[in-house]
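Chemist: Read in our numbering, the sequence shown has 162 at position 162, and its numbers run on one by one without any break. We put the CB at the ideal spot given by N, CA and C, even for glycine. Small disclaimer: the values here were computed from a predicted structure and weren't measured.
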Amino acid sequence: MEIYEYTELTSRLEAIIEFDDMSDDEKLSELVNQLRPYLRNVIGATIGKGGEGKTTLATNLAYMLAEEQALRDAQGKSAKPILYMELDHNGDGRLDLGLATSSFNDDGKALRDAITNDGNLKVVRNVRPFLDATVSGKHCADIAARISKLSDAHSLAAYLMLALLLAQISHLYRWIVLDFAPGDKAIQRTGLAAATHLVAPIRNTDNAALGGLGTLTRLIRTNRRLNPEAELTAIAFVGFRKVKGEPTTELLNVRAKIETLITGANMDPSLILDEYVRDARAIATLCRNHGRPAREFALAAAGQLHDDEGKLVPRPRDENGRYVDAEQSIKLAEDYSNLARGVIARVRQRNNALRESDNQMQGAS
Ligand SMILES: Nc1ncnc2c1ncn2[C@@H]1O[C@H](COP(=O)(O)OP(=O)(O)O)[C@@H](O)[C@H]1O
Ligand SMILES: [Mg+2]
Numbered sequence: 001m002e003i004y005e006y007t008e009l010t011s012r013l014e015a016i017i018e019f020d021d022m023s024d025d026e027k028l029s030e031l032v033n034q035l036r037p038y039l040r041n042v043i044g045a046t047i048g049k050g051g052e053g054k055t056t057l058a059t060n061l062a063y064m065l066a067e068e069q070a071l072r073d074a075q076g077k078s079a080k081p082i083l084y085m086e087l088d089h090n091g092d093g094r095l096d097l098g099l100a101t102s103s104f105n106d107d108g109k110a111l112r113d114a115i116t117n118d119g120n121l122k123v124v125r126n127v128r129p130f131l132d133a134t135v136s137g138k139h140c141a142d143i144a145a146r147i148s149k150l151s152d153a154h155s156l157a158a159y160l161m162l163a164l165l166l167a168q169i170s171h172l173y174r175w176i177v178l179d180f181a182p183g184d185k186a187i188q189r190t191g192l193a194a195a196t197h198l199v200a201p202i203r204n205t206d207n208a209a210l211g212g213l214g215t216l217t218r219l220i221r222t223n224r225r226l227n228p229e230a231e232l233t234a235i236a237f238v239g240f241r242k243v244k245g246e247p248t249t250e251l252l253n254v255r256a257k258i259e260t261l262i263t264g265a266n267m268d269p270s271l272i273l274d275e276y277v278r279d280a281r282a283i284a285t286l287c288r289n290h291g292r293p294a295r296e297f298a299l300a301a302a303g304q305l306h307d308d309e310g311k312l313v314p315r316p317r318d319e320n321g322r323y324v325d326a327e328q329s330i331k332l333a334e335d336y337s338n339l340a341r342g343v344i345a346r347v348r349q350r351n352n353a354l355r356e357s358d359n360q361m362q363g364a365s
């Protein structure tokens, strides 16, 4: 693990400086269309409501994707790392990846400055094999206000700051997983402008969770100028009971409601994933407290995880000092692995469709 600093990025501020209230739509759409092909590996985990499992989903997805790349590499196939980036100032992602107590934790200062002020982007390299991550924290609370201020002068183009940043490094990563919170319009727009695929986690069955999904689909529609390609690509259920491997009526009911919502918005209901993550609150909490994604935590619980020096990692214990149930942990990890597969299958499908339409456009011109 080490800090890597991207020092040769071109200025994002210069790219938006020529935009103001008077700029015509065409100029903005030219810039957006230029950026789009570079952002098709950006997957945003988001929903218009907090506490639905965005960070848990995003860190586990990033981890599983990184593991896949590491495996490809071991097989002599081409492989690229994954980048995890959280915009939320609570910085839960750094907990989930075990970075909170590391010397790399700058409470999101570098990330804030990279997004809003042309600062060098700093990533923690090799957080795990084939996984890089930026560190978020309290300083990221300034991002929204700073972007809003930029938008006073440069109108909609201000929301492209992150897209302009990621477009410069996206070729170095197989996937970029962006974890962004619903809290503020400026953050939502900034994340939405950068991501091509949106994955929404659902953990609660109340109307607020459904409302959060509605907010997200509206946001996608009303921000077409910033991102004509953004689509809700997958809806993932996190934390629902599995009885003998089957979903209970709780999940079936919320699924039915969401299906109605999705069809009503003229979207494809097949984006609701069959794969879902079981309710395992105690283990989920331990994963976060131990700084390990579910799969890694399960390996530790099974007494099969080795550290960098090849030493066996002691089996984790719960708050009462008892060994964590390995079988339960493994099942949770399997859920994440299946979920990641479902998400990526849909993302790939969409990217193929996007590439096809690129080719048609090229053929026509
Ligand atoms: N499989 C699960 N079962 C039950 N609770 C879970 C599960 N996975 C995560 N949680 C809990 O959901 C809560 C919210 O998760 P988090 O990823 O931080 O949400 P967000 O980033 O959307 O705010 C956390 O307290 C976490 O422990
Ligand atoms: Mg979060």
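Cα-Cα, which of K77, A158 and Y63 is closest to A15?
Modeler: Nearest of K77, A158 and Y63 to A15, Cα basis: A158.
Chemist: What does the Cβ neighbour count give for G51, buried or exposed, with the cut at 16 atoms within 10 Å?
Modeler: That one is exposed.
Chemist: Short of 8 angstroms in beta carbon distance, which residues of its chain neighbour D142, apart from the five on each side in sequence? Order them along the chain.
Modeler: Contacts found: R112 and T116.
Chemist: Going by the C-beta, is E52 closer than 6 angstroms to any heavy atom of ligand 1?
Modeler: Flag set: Cβ of E52 near ligand 1.
Chemist: Under the three-state reduction of DSSP, which class applies to I17: helix, strand or coil?
Modeler: Note: I17 maps to helix in three-state DSSP.
Chemist: Checking 7 angstroms against the spacing of the C-beta atoms, do S329 and A298 come in under that value?
Modeler: Taking 7 angstroms as the Cβ cut-off, S329 and A298 qualify as a contacting pair.
Chemist: For the 8 angstroms Cβ check, are there 3 or more pairs between the segment 95–108 and the segment 121–134?
Modeler: Flag = yes, the segment 95–108 and the segment 121–134 touch.
Chemist: Which runs of the beta strand (DSSP E) fall wholly inside the segment 124–159 and span at least 3 residues, in chain order?
Modeler: Complete beta strand (DSSP E) runs here, min 3: 131–133.
Chemist: Here's the rule: buried if 16 or more other CB atoms are within 10 angstroms of the residue's CB, otherwise exposed. What is R12?
Modeler: Buried, by the Cβ-count rule.
Chemist: Our contact map puts L271 next to L232 with C-beta atoms below 8 angstroms; I'd like the distance itself, whole angstroms only.
Modeler: With a Cβ gap of about 6 angstroms, L271 and L232 count as contacting.
Chemist: Quick check on DSSP: helix, strand or coil for A234?
Modeler: In this structure, A234 counts as strand in the three-state DSSP scheme.
Chemist: Relative to ligand 1, is the shortest distance from any of its heavy atoms to the C-beta of G291 smaller than 6 angstroms?
Modeler: Checking the Cβ of G291 against ligand 1 gives no.
Chemist: Y6 lies in the beta strand (DSSP E); which residues open and close that run?
Modeler: First-last of the beta strand (DSSP E) with Y6: E2 to Y6.
Chemist: I believe L371 touches L273 by the beta-carbon criterion, under 8 angstroms. Please report the beta-carbon distance rounded to the nearest angstrom.
Modeler: The structure shown does not extend to residue 371, since the chain is modelled only from 1 to 365, so the question has no answer here.
Chemist: What three-state label does DSSP hand Y336 in the structure shown?
Modeler: Y336 falls in the helix class under three-state DSSP.
Chemist: The beta strand (DSSP E) spanning A45 covers which residue range?
Modeler: Unbroken beta strand (DSSP E) run through A45: V42 to A45.
Chemist: I need the straight-line Cα distance from W175 to N207, nearest angstrom please.
Modeler: Between W175 and N207, the C-alpha separation is close to 32 angstroms.
Chemist: In the DSSP output, which residue or residues are listed as bridge partners for M85?
Modeler: For M85, which the question treats as bridged, DSSP gives the partners L178.
Chemist: How many Å lie between Y84 and A167 at the Cα?
Modeler: Rounded to the nearest angstrom, the two C-alpha atoms are 15 angstroms apart.
Chemist: For R278, count the other beta carbons within 10 Å of its own beta carbon; 16 or more makes it buried, fewer makes it exposed. Which is it?
Modeler: Under this definition R278 is a buried residue.
Chemist: Give me, in chain order, the residues of the same chain whose beta-carbon lies closer than 8 angstroms to that of F104; leave out the 5 immediate sequence neighbours on both sides.
Modeler: Only M1, I3, V124 and V135 meet the Cβ criterion.
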